[in-house]
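*Asks:* Residue numbers (UniProt numbering): 1 to 682.
If you scroll down you'll find the structure; I have some questions about it.
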């Protein structure tokens, strides 16, 4: 069964205007450049590839002579899509990563180091940059510090550029803003959240290499391998840990280790490691948390712990899953490529045999390889040799047998007497970049591609792929379609720029026109400044004067972590007013970016100036204060009783001689006289 095809009108436009890729007449020759003219009723084929196929089969207008066998089903679907949408144009698609940049605690008036955001164009059209700027309440504390993106510039399809941002706080406390890039891509703009903490005095800032640990499926009643978490201090004063604790529903199954310790200060720029191991006692999911409390300006750190207990299972995987040596000259020294074997199960793994079956030209290099037991998650390397003894194709299979099964890797190559290229890489194993803060870049690693062979080679494929491929950047002088002459070389530069905290992995894949394929694992760990809550109060103080009306105070979490508000303590003649549209009853959690109104009333007991405050408390000891004041109006000591002075309710005189009474009397007398003189009409 053929797979469904999402028709590409842009590709259809190319075929319509230029003809089949293999050469031939363009549709536009007979139907004009625009299908909207409906020449020869071409609009009947709009989004209807069957109509085009039928016309070719019937040789309608000679179409069979022109296109039979030259257009695939995919081509026909794309042409039909263009006829149905002749106004299609290449559109850019922008992505700006990472989603947030967090700066460490920085002294007031001092500039931090720069962090980078990458603007990528994943669409087929050029991405035009309009403006690049910083917006938000604390925009003045952040600035654009360089990069390769520029207002008025363009990013080609598939390319990217960077924006560098620095932080220079003007006031103490948490500061936040947004990096905004306006462009012609979908949505019109992209943004990155910016946060940092201004310090009036040197402060410690805690960073972590992971915000969570997933132990995966562990064998029950067997300890896992320890997982390491690095804690670092990117602040200007010593970081002191007040507690390091395990908690949660299954907290008892975890054990702590490492060299981080309570009351063991960590100097600015230094780091230490915590290790956590788990030993589930039953099958099923487990969870817990690791909390590190300290004097850091950005608060405490909580790291989620999770996994599951399962029956013991031995499993292994291989990287790459196929080796391609390409053509090699008969009689030359053997060419070597490496296979990495990894324990992907939950029990220790022992290999009983590792050998290549099949053609005699392949073998495992002499020596001992992967002889030690592998703990879950650990890996080892096996070098495979290829030395052809005859012309033609060679094929084999690397088989690594372990306690519980075997893992296999297909191996291929060819022997020839002709001159051939002999590509080699200066790196044989994984390339590790260590720990890098999210948004920053590691120093580039250079790998050299050499050709000691007797013929030139062409690079057919050079990419970074894998689960976290976007966290690694490719550069250097080697490029797809580039040629490396005999005895020549080029360089491949790889850089690690994590977009998220935690372990990140990908692979560098290189394939030459001779069929040789290399795969180098790339690894690194992203570290992040610990998420910091930042509560802003609007207003921060208020004077009620003599008014008894209530006042709404807006609480906003401008930080990157939830604030768990636990209590509100009021002093003075002020009370919290219950309001259905206000903040929830305490305790409640205020999520990042959320806000609510705290309603406060003024209830003085006597006339006088008064003052007080509202102190908001959060889990972990943080607190915020709203200053309050008021001036109750004076009340007379003996107020006179109310009197109805004057001649009546409408009277405005106070001596009883209201002129209105005399006027009313005269009117009444006039009416009586008139009735006496006109008795017939009364």
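A virtual CB, placed ideally from N, CA and C, is assigned to each residue, including glycine.
I'd like to confirm the pairing. Which residues does DSSP put opposite residue 519 in its beta bridges?
*Replies:* Position 519 of the chain shown, counted from the start, is the residue given in the question as residue 519. The partner list for residue 519 (beta bridge, DSSP) reads 509.
*Asks:* Spatial neighbours of residue 267 within its chain, please: C-beta separation below 6 Å, excluding the five flanking residues on both sides.
*Replies:* Here residue 267 corresponds to residue number 267 of the chain shown, with the count starting at 1. Counting only Cβ-Cβ distances below 6 Å, and skipping sequence neighbours, we find 238.
*Asks:* May I ask you to report which of helix, strand or coil DSSP gives residue 642?
*Replies:* The residue given as residue 642 occupies position 642 in the chain shown. Confidence at residue 642 is low in this model, with a pLDDT of 43, below 50, so the placement of that residue should be treated as unreliable; the coordinate-derived value is given next. Three-state DSSP puts residue 642 in coil, outside helix and strand.
*Asks:* If we call anything under 9 Å between Cβ atoms a contact, is residue 330 one with residue 390?
*Replies:* On the chain shown, residue 330 is found 330 positions in, with the first residue counted as 1. On the chain shown, residue 390 is found 390 positions in, with the first residue counted as 1. Yes, the Cβ-Cβ distance between residue 330 and residue 390 is below 9 Å.
*Asks:* Within the chosen definition, does the stretch 252–260 reach the stretch 280–291 through at least 3 CB pairs nearer than 8 Å?
*Replies:* yes
*Asks:* List the whole-angstrom C-beta distance separating residue 421 from residue 225, where the pair is believed to meet the contact cut-off of C-beta under 8 Å.
*Replies:* To locate residue 421, count along the chain shown from 1; it is residue 421. To locate residue 225, count along the chain shown from 1; it is residue 225. Wrong, their Cβ atoms sit about 42 Å apart, outside the cutoff.
*Asks:* Across which residues does DSSP place residue 569 in a beta bridge pair?
*Replies:* Within the chain shown, residue 569 is the residue found at index 569, counting from 1. Residue 569 is bridged to 615.
*Asks:* Pull up the CB-CB distance for residue 175 and residue 198, whole angstroms please, since I reckon it's below 8 Å.
*Replies:* Mapped onto the chain shown, residue 175 falls at position 175. Mapped onto the chain shown, residue 198 falls at position 198. The pair is a contact, with the Cβ atoms about 6 Å apart (cut-off 8 Å).
*Asks:* Can you give the beta carbon distance from residue 550 to residue 600, rounded, assuming they're within the 8 Å contact cut?
*Replies:* As a position in the chain shown, residue 550 is number 550, starting the count at 1. As a position in the chain shown, residue 600 is number 600, starting the count at 1. That pair is a contact at about 6 Å.
*Asks:* For residue 203 versus residue 318, is the C-beta spacing smaller than 9 Å?
*Replies:* Working through the chain shown from its first residue, we reach residue 203 at position 203. Working through the chain shown from its first residue, we reach residue 318 at position 318. The answer is no: Cβ separation not under 9 Å.
*Asks:* By alpha-carbon positions, which one of 40, 485, 313 and 72 ends up nearest to residue 22?
*Replies:* Translated into positions along the chain shown, residue 22 becomes position 22. Comparing Cα-Cα distances from residue 22 to each of 40, 485, 313 and 72, the minimum goes to 72.
*Asks:* What did DSSP end up calling residue 61 once you bin it into helix, strand or coil?
*Replies:* As a position in the chain shown, residue 61 is number 61, starting the count at 1. Reduced to three states, the DSSP call for residue 61 is helix.
*Asks:* Tell me whether the beta-carbon of residue 96 lies closer than 9 Å to the beta-carbon of residue 181.
*Replies:* The residue you call residue 96 lines up with position 96 of the chain shown. The residue you call residue 181 lines up with position 181 of the chain shown. Against a cut-off of 9 Å, the Cβ pair of residue 181 and residue 96 comes out as a contact.
*Asks:* Our contact map puts residue 382 next to residue 396 with C-beta atoms below 8 Å; I'd like the distance itself, whole angstroms only.
*Replies:* For this step, residue 382 is matched to residue 382 along the chain shown. For this step, residue 396 is matched to residue 396 along the chain shown. Actually they are not in contact, since the Cβ atoms of residue 382 and residue 396 sit about 13 Å apart, beyond 8 Å.
*Asks:* What's the gap between the Cα of residue 365 and the Cα of residue 195?
*Replies:* The sequence position of residue 365 within the chain shown is 365, counting from 1. The sequence position of residue 195 within the chain shown is 195, counting from 1. Whole-angstrom Cα-Cα distance: 53 Å.
*Asks:* Please work out which residues of its chain come closer than 6 Å, Cβ to Cβ, to residue 458, disregarding the five sequence neighbours upstream and downstream, and give them in chain order.
*Replies:* For the purposes of this step, residue 458 is identified with residue 458 of the chain shown, where counting begins at 1. Result list for residue 458: 483 and 513, in chain order.
*Asks:* Can you look up residue 84 in the DSSP assignment and give me helix, strand or coil?
*Replies:* In the chain shown, counting from the first residue as 1, residue 84 sits at position 84. In the structure shown, residue 84 sits in a helix (DSSP, three-state: H, G or I).
*Asks:* Can you check the stretch 183–219 for any beta strand (DSSP E) of at least 3 residues that lies completely inside it and give the ranges in chain order?
*Replies:* Complete beta strand (DSSP E) runs here, min 3: 189–199, 206–208 and 212–219.
*Asks:* Reducing DSSP to helix, strand and coil, say where residue 53 ends up.
*Replies:* Reading the chain shown from its first residue, position 53 is the one you call residue 53. Note: residue 53 maps to helix in three-state DSSP.
*Asks:* Please classify residue 264: is it buried, with 16 or more other beta-carbons within 10 angstroms of its beta-carbon, or exposed?
*Replies:* Working through the chain shown from its first residue, we reach residue 264 at position 264. Result: exposed.
*Asks:* Using a Cβ-Cβ cut-off of 6 Å (strictly less than) and excluding sequence neighbours within five positions of residue 293, which residues of its own chain qualify?
*Replies:* In the chain shown, residue 293 corresponds to position 293, counting from 1. Within the same chain, residue 293 has close Cβ partners 242, 243 and 300.
*Asks:* Between the Cα of residue 104 and the Cα atoms of 47, 438 and 11, which residue gives the shortest distance?
*Replies:* The residue you call residue 104 lines up with position 104 of the chain shown. Residue 438 is the option with its Cα nearest to residue 104.
*Asks:* Which residue wins for smallest C-alpha separation from residue 186, given the options 311, 303, 436 and 128?
*Replies:* Mapped onto the chain shown, residue 186 falls at position 186. Closest by alpha carbon: 128.
*Asks:* What is the DSSP secondary structure of residue 478, counted as helix, strand or coil?
*Replies:* The residue labelled residue 478 in the question sits at position 478 within the chain shown. Coil at residue 478, not helix or strand.
*Asks:* Output yes or no for whether 9 Å exceeds the beta carbon distance between residue 165 and residue 201.
*Replies:* As a working note, residue 165 is residue 165 in the chain shown. As a working note, residue 201 is residue 201 in the chain shown. 9 Å or more divides the Cβ of residue 165 from the Cβ of residue 201.
*Asks:* In whole angstroms, give me the CA-to-CA distance for residue 588 and residue 568.
*Replies:* For the purposes of this step, residue 588 is taken as residue 588 along the chain shown, with counting starting at 1. For the purposes of this step, residue 568 is taken as residue 568 along the chain shown, with counting starting at 1. Roughly 11 Å between the two C-alpha positions.
*Asks:* CB residue 341 to CB residue 403, shorter than 9 Å?
*Replies:* Locating residue 341 in the chain shown gives position 341, counting from the first residue. Locating residue 403 in the chain shown gives position 403, counting from the first residue. Not a contact, by the Cβ cut-off of 9 Å.
*Asks:* Using CA atoms only, rank isn't needed, just tell me which of 511, 566, 630 and 7 is closest to residue 575.
*Replies:* Residue mapping note: residue 575 aligns to position 575 of the chain shown, counting from 1. For the residues 511, 566, 630 and 7, the minimum Cα distance to residue 575 belongs to 630.
*Asks:* Assign residue 158 to buried or exposed, taking buried as 16 or more other Cβ atoms, counted over all protein chains shown, within 10 Å of its Cβ.
*Replies:* Walking along the chain shown from the start, residue 158 turns up at place 158. Exposed.
*Asks:* Is residue 333 helix, strand or coil by DSSP?
*Replies:* Numbered from 1 along the chain shown, position 333 holds the residue referred to as residue 333. Coil at residue 333, not helix or strand.
*Asks:* Taking all protein chains shown into account, do 16 or more other C-beta atoms lie within 10 angstroms of the C-beta of residue 685, making it buried, or fewer, making it exposed?
*Replies:* This structure cannot settle anything about residue 685, because the visible part of the chain is limited to 1 through 682.
*Asks:* Along the chain, where does the beta strand (DSSP E) that runs through residue 554 open and close?
*Replies:* Counting from 1 along the chain shown, the entry for residue 554 is found at position 554. Counting along the chain, the beta strand (DSSP E) containing residue 554 begins and ends at 551–557.
*Asks:* Name the residue from 542, 596, 540 and 538 whose alpha carbon lies nearest to the alpha carbon of residue 565.
*Replies:* If you number the chain shown from 1, residue 565 lands on position 565. The shortest C-alpha separation from residue 565 is found at 596.
*Asks:* Which residues in the same chain have their Cβ closer than 6 Å to the Cβ of residue 306, if we skip the five residues on either side of it in sequence?
*Replies:* To locate residue 306, count along the chain shown from 1; it is residue 306. Cβ neighbours of residue 306 beyond the five flanking positions: 214 and 287.
*Asks:* Within a Cβ cutoff of 6 Å, which residues of the same chain sit near residue 245, ignoring the five residues on either side of it in sequence?
*Replies:* Within the chain shown, numbered from 1, the residue matching residue 245 stands at position 245. Excluding residues within five positions, the ones whose Cβ falls inside 6 Å are 291.
*Asks:* For the alpha helix (DSSP H) that residue 9 lies in, which residues bound it at each end?
*Replies:* For the purposes of this step, residue 9 is taken as the residue at position 9 of the chain shown. Residues 9–18.
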